[in-house]
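Scroll down for the structure; my scribbles are underneath it.
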Amino acid sequence: MLKKDILRKKEDFDAIYRAGRSVPDRYIVLFYRKNDLSYNRTAFLASKKVGNSVQRNRAKRLMKESYRMNRDRFSTGYDLIFIARNSINGRKCKDVEKSMMNAAERGKVTG
1 MLKKDILRKK EDFDAIYRAG RSVPDRYIVL FYRKNDLSYN RTAFLASKKV GNSVQRNRAK
61 RLMKESYRMN RDRFSTGYDL IFIARNSING RKCKDVEKSM MNAAERGKVT G
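Letter 26 of the sequence shown, counting from 1, is numbered 26 in our numbering, and no numbers are missing.
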């Protein structure tokens with residue numbers, strides 16, 4: 001993932017939460033918003049409700065890998081925030097991938 005592909009600024013997060021849309025699923029919640037760029041910007045979050053640092057980092061790794069394997073299926077020009085739910089603990093990558101793609105299809109951000 002390139003540096004330009006990562007959401008970092010608080011203003012961007014606030015804009016997505018304020019004016020974007022959200023789609024919940026079993027293991028993740030997807031927040032998204034059009035960004036008028038030729039590429040997607042992403043963020044992967046796991047709150048302390050998910051568990052200790054080991055569990056939070058594993059959740060983020062699972063989401064990043066699921067996104068990496070399906071990056072070409074997403075439409076371009078979106079800011080995407082993937083938030084792990086505490087139900088993600090103990091799940092396999094395939095489960096998280098299925099949940100992510102299900103949320104993306106319901107949010108109509110797949111191409």
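From the three backbone atoms N, C-alpha and C, an ideal C-beta is built for every residue, glycine too.
- With at least 16 other beta carbons inside 10 angstroms of its own, Ile-28 counts as buried.
- The beta-bridge partner set that DSSP reports for Phe-44 consists of Phe-82.
- Straight across, the Cα-Cα distance linking Val-109 with Gly-90 is about 27 angstroms.
- Sequence-distant Cβ neighbours of Glu-65 in its own chain, meaning closer than 7 angstroms and more than five residues away, are Cys-93.
- When Cβ pairs closer than 8 angstroms are counted between the two stretches, the stretch 73-84 is seen to touch the stretch 21-35, the count reaching three or more.
- Contact annotation, Asn-86 with Lys-60: C-beta distance approximately 14 angstroms; criterion of less than 8 angstroms not satisfied.
- Between the alpha carbons of Arg-18 and Met-63 lies a distance of about 23 angstroms.
- Take Ile-88, set aside five residues on each side of it, and the residues of its chain with a beta-carbon closer than 6 angstroms to its own are Tyr-27, Ala-59, in chain order.
- Assigned with DSSP and collapsed to three states, Tyr-32 falls in strand.
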